[in-house]
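Put into structure tokens, the structure is as follows:
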């Protein structure tokens, strides 16, 4: 029996991820040291770690690092996602600092888990091997399951955690089974070798089945129809800042792996696969938007709306090629800023000691807190896709890529969907500016860090909307290594 | 970097809005005065466009072209020709009047109101000066939101319904236009190798005749037809007008509706000449239906504002007829009629708003015998009503006459049918005027009405002066547009694969 050679260690390719993991361990240790009562400094350490990871990312830009026998790559594509995920995590931490303290749930675990989840997401972004994908998915998901149940005394929070966990492990099982079948079909778990084997024997049933199961697993994690059922309950029950993280960071990370697999693994993509994605995209945006209209709980509404946004991103994936894939990346960037901002505003509002989650609670906000209402209004308008905000440019790129690739009907479905979506987003604005509150209105829980997060997110959606060109170039540069 | 005159005009109101955001809410007079000053300054600066404009040239003037997203071929390209110049001036002229009319009417959240109105002005100006399809679409969509707030926040009892209906209606039309814009971009890109949203470049290229051109034309046409509004896409208009505050109605009728007709002139005709010619008869038919239907429905309205709203459907029907005659008289008439409608309908809304502020009712039945109580108001009202029904010597006559001359060359029967619209306009306007102003003073509450205040005089005099001015000396205005319109017709003729004769009789 020949010994299995140990893969060479290439720590450099994991540097951003390792910084995040190291910070997580540091936070857990610091949590045990005094001061025991106040945990604010842990938030600061977390932020410092995330900023460090972002800096490490920037220095690695342009490189083509590969390590651990091509299991992990640190190309521009991975780095782009590291930046998106890092921003999402940093904004979420900023929003959380006062929010979790108010709920009496500030603890070292919280920051540690956020960092572990971030590390899992970053791993997903640089994964070039199905085993690493699974590792990343699990690290991310297990942390998020716990985070969703952070508010132990709130029943909805525990329910969200439980539901997320049960359905999540199901999805993981699908993912694992798909990996096993692909391994069986191709003899490898490496993306490059899977791609080569798939191209050599197109239409191999085992291969197709494996890919299908993988798609189910990914579909669950990004909450695409018909695997979206968990999203409303989890988004509603989880602490708002955690919801923001689930809606942005985890989606971005899973999309990273999905795109790398689809683009690198299916070349040229078989027509059937494109058709499946076409139907998934159309169904995802339509179901998400139609059901969102009926919601009176803001967090549930945003859950369905985020389902719809996944549909728009899938449109870009259907379009494929450099322009379609680049458009998805840019869309994820705009979506992350907008969504974290939206949930950030919700985290800052409370009503009678509870979270203000009913759309009704926001009646008259425009009169009482003009700045906060303006911020929420702009985030919502960006979600609608009103120019000159980021959401519009994101949609424009995605739909433009779809039309360019010949998917005009899908583009029409998508734009009609965004007109439909205007109805429920604008309803929140109707409440904020055109209705008077009944009973005690939502009030503002002042938070300097939260305000900073909102300011960064606002700046993000304005800059991305008015000066998108450099960021689009970045997204294009990021997908270039995939399409070699 | 120097800022061009067009950029200055377009963004001056928005810049003013940003500055006003820092003025404390308590300083109401400063806010209103500041907003009015910004709007008047914008008007004065825009006069520079008028004086600097060379009416002999047909191409775009005051052009500014800076790359914006070079990878996609998106540029910040501004420019005006004779067609857009008049509409830019109309916008900068009406906005200060709208602001002044709201001096007392808007009591709640006055700061937000003036800021919203100024941002709206920037959006509208942007639509008229953009020569890049992406930029145009940005302004076109962006200006929806301030108008939505104007109706929804400061409107009447049913304001939320009206505001949401306005946005959704407009949005469904415009998102399809977005797909058409992208499709055009791709078609041009694949055919020529240059992916660009630049309007002049795209307009020089001949879009291949076929279903693709038809579909793109229909998508553009739907967006514009909803905005005009062309029958049967007009149902949002009465709601929006009735619920909007006076200033909103003035802007809506005066400027917003013109974006639709302008869109047909600027985009549909030069980009899709074949489809435009092919669908000419359909639009003609819808236009005539709009003219007659709008007039009939106006006649039976009990509410003054609704009456004026439906009269807009009728008047805009005329404009559409003029545009789709494809001859100089008809198109010039359509264009001047756009301005006329902005002035006379804007003035009608101002007058209705003034009487509403006094009596808090707009029902025709509540009035009667106003001549004795408010003679000055009644006199101005008469001039404006006569202008709206097209009395020779006032502005309305010029436009309608030219349009009918144009339509007559295409189809005399249709011209006759459209001319009944003028007759009905006389019916609904004069009958309304008779019930409101003449007769005995029956309602005691009307006895205490106050006549026009100096502020109201200041708002009305400029409009009435222009109404008379255009009526007496129309060449000053039509002369600016002729070169551009002739160039447009020549362009359509050169590009259309079917001969551009008279439309089928």
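Chains as they are written, first to last, in the numbering used here: chain P, 1 to 484; chain B, 1 to 505. Note that CB positions come from ideal geometry on N, CA and C, so glycine has one too.
Since residue 282/P contacts residue 413/P with CB under 8 angstroms, what's their CB separation in whole angstroms?
One-based indexing of the first chain puts residue 282/P at position 282. One-based indexing of the first chain puts residue 413/P at position 413. Sure, about 5 angstroms apart at Cβ, within 8 angstroms.
6 angstroms Cβ shell around residue 111/B - same chain, five flanking residues per side excluded
Looking up residue 111/B in the second chain gives position 111. Within the same chain, residue 111/B has close Cβ partners 25 and 31.
With H, G and I counted as helix, E and B as strand and the rest as coil, what does DSSP make of residue 232/P?
Counting from 1 along the first chain, the entry for residue 232/P is found at position 232. Helix.
On the three-state DSSP scale, how would you describe residue 67/P?
Translated into positions along the first chain, residue 67/P becomes position 67. It is a strand residue.
Taking 8 angstroms as the cut-off, does the stretch 201-208 of chain P touch the stretch 175-189 of chain P (at least 3 CB pairs, one atom from each stretch)?
yes
Closer than 7 angstroms between beta carbons: that is the criterion. Which residues of the stretch 358-386 of chain P meet it against chain B?
381 and 386
Label residue 362/B either buried or exposed according to how many other C-beta atoms from any shown protein chain fall within 10 Å of its C-beta, with 16 as the threshold for buried.
Along the second chain, read from residue 1 onward, the residue named residue 362/B stands at position 362. Classification for residue 362/B: buried.
Where DSSP assigns a beta bridge to residue 80/B, which residues make up the other side?
Residue numbering aside, residue 80/B sits at position 80 when the second chain is read from its first letter. DSSP lists 61/B as partners of residue 80/B.
How big is the Cα-Cα spacing for residue 410/P and residue 169/P?
Within the first chain, the letter at position 410 stands for residue 410/P. Within the first chain, the letter at position 169 stands for residue 169/P. The alpha-carbon atoms of residue 410/P and residue 169/P are separated by roughly 32 angstroms.
Using 10 angstroms around the beta-carbon of residue 296/P, count the other beta-carbons present and answer buried if the total reaches 16, otherwise exposed.
One-based indexing of the first chain puts residue 296/P at position 296. By the neighbour-count rule (16 or more Cβ atoms within 10 Å), residue 296/P is not buried but exposed.
Tell me whether residue 455/B is buried or exposed, calling it buried when 16 or more other Cβ atoms sit within 10 Å of its Cβ.
Position 455 of the second chain holds residue 455/B. When all chains shown are included, residue 455/B counts as exposed.
Can you tell me whether residue 69/B is helix, strand or coil according to DSSP?
Stepping through the second chain from its first residue, residue 69/B is reached at position 69. Note: residue 69/B maps to strand in three-state DSSP.
Rounding to the nearest angstrom, what Cα-Cα distance links residue 173/P and residue 444/P in this structure?
The residue given as residue 173/P occupies position 173 in the first chain. The residue given as residue 444/P occupies position 444 in the first chain. Near 43 angstroms, if we compare the C-alpha coordinates of residue 444/P and residue 173/P.
Quick one: give me the first and last residue of the beta strand (DSSP E) that residue 74/P is part of.
Walking along the first chain from the start, residue 74/P turns up at place 74. Run containing residue 74/P: 72-74, per the beta strand (DSSP E) assignment.
Tell whether a beta-carbon distance below 8 angstroms holds between residue 480/B and residue 49/B.
Translated into positions along the second chain, residue 480/B becomes position 480. Translated into positions along the second chain, residue 49/B becomes position 49. It is not a contact, given that the beta carbons lie outside the stated cut-off.
What span of residues does the alpha helix (DSSP H) with residue 272/P cover, start to end?
Your numbering for residue 272/P matches position 272 in the first chain. That run of the alpha helix (DSSP H) goes 271-293.
Please state whether DSSP places residue 444/P in a helix, a strand or coil.
Sequence index remark: in the first chain, residue 444/P carries index 444 (1-based). Residue state, collapsed to three classes: strand.
Assuming residue 419/P is part of the alpha helix (DSSP H), what are its boundary residues?
Sequence index remark: in the first chain, residue 419/P carries index 419 (1-based). Here the alpha helix (DSSP H) through residue 419/P covers 408-434.
Straight-line Cα distance separating residue 397/B from residue 344/B
Taking the second chain and counting its residues from 1, one reaches residue 344/B at position 344. Taking the second chain and counting its residues from 1, one reaches residue 397/B at position 397. Residue 344/B and residue 397/B: Cα-Cα distance of roughly 12 angstroms.
Could you name the residues that DSSP lists as bridge partners for residue 74/B?
Start at 1 with the first residue of the second chain, and residue 74/B comes out as number 74. Bridge partners of residue 74/B: 69/B.
Between residue 70/B and chain P, is the shortest Cβ-Cβ distance under 8 angstroms, so that the two count as touching?
Taking the first residue of the second chain as 1, we reach residue 70/B at position 70. So, interface residue.
Indicate whether at least one CB of chain P lies closer than 8 angstroms to the CB of residue 502/B.
As a first step, residue 502/B must be located in the second chain, where it is residue number 502. In this prediction, residue 502/B has a pLDDT of 46, which is less than 50 and means its spatial position is unreliable; nothing more can be read from the coordinates.
Is the shortest distance between the beta-carbon of residue 119/B and the beta-carbons of chain P less than 8 angstroms?
For this step, residue 119/B is matched to residue 119 along the second chain. It does not; no Cβ of chain P falls within 8 angstroms.
Please confirm if residue 178/B has its CB atom under 8 angstroms from at least one CB of chain P.
Counted from its first residue, the second chain places residue 178/B at position 178. For residue 178/B, the answer is yes, since a Cβ of chain P falls inside 8 angstroms of its Cβ.
Are there 16 or more other CB atoms within 10 angstroms of the CB of residue 361/P, so buried, or fewer, so exposed?
Numbered from its first residue, the first chain carries residue 361/P at position 361. Its Cβ being crowded by 16 or more others within 10 Å, residue 361/P is buried.
Candidates 432/P, 107/P and 36/P: closest to residue 368/P by CA position:
Sequence index remark: in the first chain, residue 368/P carries index 368 (1-based). Minimum Cα distance to residue 368/P is reached at 432/P.
According to the Cβ coordinates, are residue 348/P and residue 461/P closer than 8 angstroms?
Walking along the first chain from the start, residue 348/P turns up at place 348. Walking along the first chain from the start, residue 461/P turns up at place 461. No, the pair does not count as a contact, with Cβ atoms beyond the cut-off.
Under 7 angstroms Cβ-Cβ, which residues of chain P neighbour residue 141/B?
Translated into the one-based positions of the second chain, residue 141/B becomes position 141. Those are 386 and 387, listed as they occur along chain P.
Would you list, in chain order, the members of the stretch 291-316 of chain P that have their beta-carbon closer than 7 angstroms to a beta-carbon of chain B?
none
Residue from 278/B, 472/B, 421/B and 357/B with nearest C-alpha to residue 451/B
As a working note, residue 451/B is residue 451 in the second chain. Ranking 278/B, 472/B, 421/B and 357/B by Cα distance to residue 451/B puts 357/B first.
Compute the beta-carbon to beta-carbon distance between residue 346/P and residue 91/P, rounded to the nearest angstrom, for a pair I have assumed lies under 8 angstroms.
Within the first chain, numbered from 1, the residue matching residue 346/P stands at position 346. Within the first chain, numbered from 1, the residue matching residue 91/P stands at position 91. Rounded, the Cβ-Cβ distance is 14 angstroms, inconsistent with contact.
Three-state class that DSSP yields for residue 440/B in the structure shown
Reading the second chain from its first residue, position 440 is the one you call residue 440/B. Three-state result, residue 440/B: coil.
Nonlocal neighbours in the same chain, by C-beta distance under 7 angstroms from residue 151/B, ignoring five residues either side
Mapped onto the second chain, residue 151/B falls at position 151. Closer than 7 angstroms at the Cβ level, and outside the excluded window around residue 151/B, lie 159, 162, 163, 166, 240, 243, 244 and 248.
Give, in chain order, every unbroken run of the beta strand (DSSP E) that is at least 3 residues long and sits entirely within the stretch 326-372 of chain P.
349-351
By DSSP, does residue 504/B sit in helix, in strand, or in coil?
Taking the second chain and counting its residues from 1, one reaches residue 504/B at position 504. Note that residue 504/B scores 39 on pLDDT, short of 50, meaning its location in the model is unreliable; the coordinates nonetheless yield the value given after this. Coil, per DSSP.
Shorter than 8 angstroms from the beta carbon of residue 160/B to some beta carbon of chain P?
Locating residue 160/B in the second chain gives position 160, where the first residue counts as 1. With 8 angstroms as the cut-off, residue 160/B counts as an interface residue toward chain P.
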